[in-house]
Structures are given as C-alpha cells and as structure tokens.
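Undergrad: This structure is in structure tokens; I'll ask about it shortly.
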Amino acid sequence: MRVVSAESMEIRVSDDVVLVRQAVRKKSIALGLGLVDQTKVVTASSELARNTLDYGGGGKALLELVENGTRSGLRVTFEDQGPGIPDIQLALTDGYTTGNGMGLGLSGAKRLSHEFELWSKPGEGTRVSILRWK
Amino acid sequence: MERIPILKMGEFLLVTIQVDMHDRLALTLQDDLTAQIVKFRAHGVLIDISALEIVDSFIGRMLASIASMAHLLDAETVVVGMQPAVAITLVELGLPMKGIRTALDVEKGMIALRGAILAAEQDGDASGIR
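Protein sequences, first through last, are from chains A and B. Heads up, the first sequence is in our numbering, so the first residue is 16 and it goes up one at a time. Heads up, the second sequence is in our numbering, so the first residue is 8 and it goes up one at a time.
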C-alpha cells in the first residue's frame with residue numbers, strides 16, 4: 016500500500032474531535048467518496064477520536080490517502096499513550112464500556128469501515144486504524 | 008460562552024442545531040433546554056437536526072437523554088430533519104435511537120408533537136395523574 020498524502024493532528028480537547036471530523040470530511044471529499052460513505056468515515060472517526068481523548072488521555076490522529084494498485088482509500092489512525100485495553104475482545108463487544116458512553120465506539124467504528132486494526136498494550140497505549148476504500 | 012439558541016414558538020420550544028457540536032456544547036444544550044421547558048411550561052420540544060452532517064453515539068445519546076428528561080418534565084420531544092446519510096450511518100453504527108420520535112421536517116414534527124401531547128394527556132386523564 017502506498018501513502019499518497021498524510022496529515023497529523025493533535026487530539027487534546029473536545030474541540031479537537033470536531034476539527035478531526037472536519038479534516039476527515041475534507042479528505043473523504045478529496046478522495047471522491049459519496050455522501051453516505053463520507054458520513055460513515057466521519058462518524059467512525061468521531062467515535063475513535065473521542066475514545067482517544069476520553070480513554071487515552073489525548074493523542075494523535077493520522078489522516079492518510081492511500082493507494083493499493085487501482086484502489087484508493089482513506090486511512091485514519093488514532094494513537095494514544097494511555098492505559099491501553101486489557102481485553103480487546105471484550106472492548107469490541109457492543110455495549111461494553113468502562114466509561115459512561117454506550118460502548119459503541121470501537122464496534123461501531125469497525126462496522127462503518129472496510130478495514131479495521133486495533134493494537135493495544137496495557138500501560139503503553141492504543142492504536143486504532145480504520146480504512147475506507149473508494 | 009457558545010450556546011445553541013432555543014426559540015419559543017407558541018406552546019413549543021424549537022432548537023435548531025446548526026453547528027458541528029463539540030461535546031461540552033451538547034451538554035450545555037441539555038441543561039439549557041430542561042431549564043427552558045420548566046420556565047415556559049412547554050409541553051413540546053422540536054429539535055431540528057437538518058444541518059447536522061453526522062450524529063455519532065455521543066450526540067445520539069444526548070438526543071435520547073433530552074427526550075427522556077423532557078418527558079419527565081411533562082414535555083414530548085420530536086427530532087426532525089435527519090439527513091438520509093445520517094440515518095443509514097446510525098443504523099450501521101448500532102445506535103438504538105429507540106424512544107426518540109422523529110419527523111421529516113418541522114411542519115410534520117409539529118403535527119407529530121400535537122398528537123403526542125394529546126396522547127399523553129389522555130393517558131394522564133385515564134390514570135388520574137397529570
């Protein structure tokens with residue numbers, strides 16, 4: 016997979032979640048995604064950006080336009096140095112939450128994306144990556 | 008501080024969400040709206056989300072809480088103007104928007120609200136509380 020362009024953003028306060036949403040929207044328009052696909056990737060990014068802030072204590076979002084042969088897509092990666100996720104399987108279960116949310120962030124973002132990757136180590140942090148192909 | 012305006016329209020309150028809300032703003036709206044329901048003794052709340060390009064689990068939960076809180080304060084809530092792409096995404100996200108009454112636009116929302124208020128009044132009469 017080839018990275019065509021990349022942009023990194025800080026997630027420190029709740030306003031940054033809004034900025035990430037807007038940047039993801041801009042990239043998905045640049046990629047040429049239709050309105051429904053744009054909405055899906057922006058919504059998934061919003062869930063993950065909030066997780067980065069609420070559970071990871073803040074972190075970074077990396078927005079990349081990628082190419083794989085004839086396909087092009089948008090990959091958004093969220094990274095934090097927070098407490099990490101002890102049980103990834105459990106964290107991906109609908110309705111499971113350690114916070115006061117609805118427990119739909121991770122599982123919902125996964126459903127809204129074509130590809131989903133989650134890496135986490137207790138005490139080191141979490142990295143979640145979603146990809147939507149055009 | 009930034010706030011979402013709440014308009015009084017007869018017996019109803021109308022909230023038009025026109026900005027991409029950050030989480031604190033959404034919580035402020037919850038507080039403001041419940042205060043206004045009591046202040047104006049409103050029996051109905053219309054929330055127009057036609058300008059919202061996304062509804063994620065936080066905003067969805069906020070809308071559901073507003074509807075529950077309003078109900079406890081003797082007011083019915085109708086959410087109007089959801090964009091089709093938002094509806095598709097919400098279902099795929101897995102958000103249970105149960106208990107939230109919706110209508111396609113403000114006009115249809117008003118009709119739904121009148122119906123809901125009437126139904127609530129009849130319920131109240133039957134059980135003798137209200």
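Where is the CB? At the ideal position from N, CA and C, for every residue including glycine. Bear in mind that the values here come from a model prediction, so they are computed numbers and not experimental data.
1) Determine the chain A residues that contact residue 39 of chain B at a beta-carbon separation under 8 Å, and present them in chain order.
2) For residue 3 of chain B, go through chain A and note every residue whose CB falls closer than 7 Å to its CB, in chain order.
3) If you measure between the beta carbons of residue 24 of chain A and residue 89 of chain A, is that distance less than 9 Å?
4) Would you list, in sequence order, the uninterrupted alpha helix (DSSP H) runs of no fewer than 4 residues that lie entirely inside the region 45–130 of chain B?
5) With burial defined as no fewer than 16 other Cβ atoms inside 10 Å of the residue's Cβ, what is the status of residue 21 of chain B: buried or exposed?
6) Looking only at its own chain, which residues have a Cβ that is under 7 Å from the Cβ of residue 89 of chain B, when we skip the five neighbours before and after it?
7) Quick one: grab the DSSP three-state call for residue 26 of chain B.
8) Anyone know if the C-beta pair for residue 100 of chain A and residue 64 of chain A falls short of 9 Å?
9) Counting only beta-carbon separations shorter than 9 Å, does residue 101 of chain B have a partner in chain A?
10) Check whether the Cβ of residue 24 of chain B lies closer than 9 Å to any Cβ atom in chain A.
11) Mind checking if residue 33 of chain A is an interface residue toward chain B, Cβ cutoff 9 Å exclusive?
12) Taking Cβ positions only, does residue 10 of chain B come closer than 9 Å to chain A?
13) Does the beta-carbon of residue 118 of chain A have 16 or more other beta-carbons within 10 angstroms, so that it is buried, or is it exposed?
14) Give a yes or no on whether the minimum CB-CB distance between residue 95 of chain B and chain A is below 9 Å.
15) Tell me the rounded alpha-carbon separation between residue 38 of chain A and residue 32 of chain A.
16) For residue 96 of chain B, which residues in the same chain have their Cβ closer than 8 Å to its Cβ, ignoring the five residues on either side in sequence?
17) Within the same chain, show all residues whose beta-carbon is closer than 8 Å to that of residue 114 of chain A, passing over the 5 residues directly before and after it, in chain order.
18) Using a Cβ-Cβ cut-off of 7 Å (strictly less than) and excluding sequence neighbours within five positions of residue 166 of chain B, which residues of its own chain qualify?
19) Does any CB atom of chain A fall closer than 9 Å to the CB of residue 127 of chain B?
20) Return helix, strand or coil for residue 33 of chain A, following the three-state DSSP convention.
21) Whole beta strand (DSSP E) runs in the region 81–134 of chain A with 3 or more residues, listed along the chain?
22) Could you pull the start and end residues of the alpha helix (DSSP H) that residue 62 of chain A belongs to?
23) How far does the beta strand (DSSP E) with residue 19 of chain A in it reach, from first residue to last?
24) Should the region 136–146 of chain A be regarded as contacting the region 8–20 of chain B, the criterion being three or more beta carbon pairs within less than 8 Å?
25) Mind pulling the chain A residues with CB within less than 8 Å of residue 61 of chain B?
26) From residue 137 of chain B to residue 139 of chain A, what distance separates their C-alpha atoms?
27) Checking contacts by CB at 9 Å: is residue 31 of chain B closer than that to chain A?
TA: Well, looking at it:
1) Under the 8 Å cutoff, chain A gives no residues; its nearest Cβ is about 18 Å from residue 39 of chain B.
2) One cannot answer for residue 3 of chain B here, as it falls past the ends of chain B, which runs 8 to 137.
3) no
4) 64–79 and 91–100
5) buried
6) 56 and 109
7) coil
8) no
9) yes
10) no
11) yes
12) no
13) buried
14) yes
15) 10 Å
16) 61 and 62
17) 69 and 70
18) The first residue shown for chain B is 8 and the last is 137, placing residue 166 of chain B beyond what the model contains.
19) no
20) helix
21) 86–95
22) 50–69
23) 17–26
24) no
25) 36, 54, 57, 58 and 61
26) In this prediction, residue 137 of chain B has a pLDDT of 47, which is less than 50 and means its spatial position is unreliable; nothing more can be read from the coordinates.
27) yes
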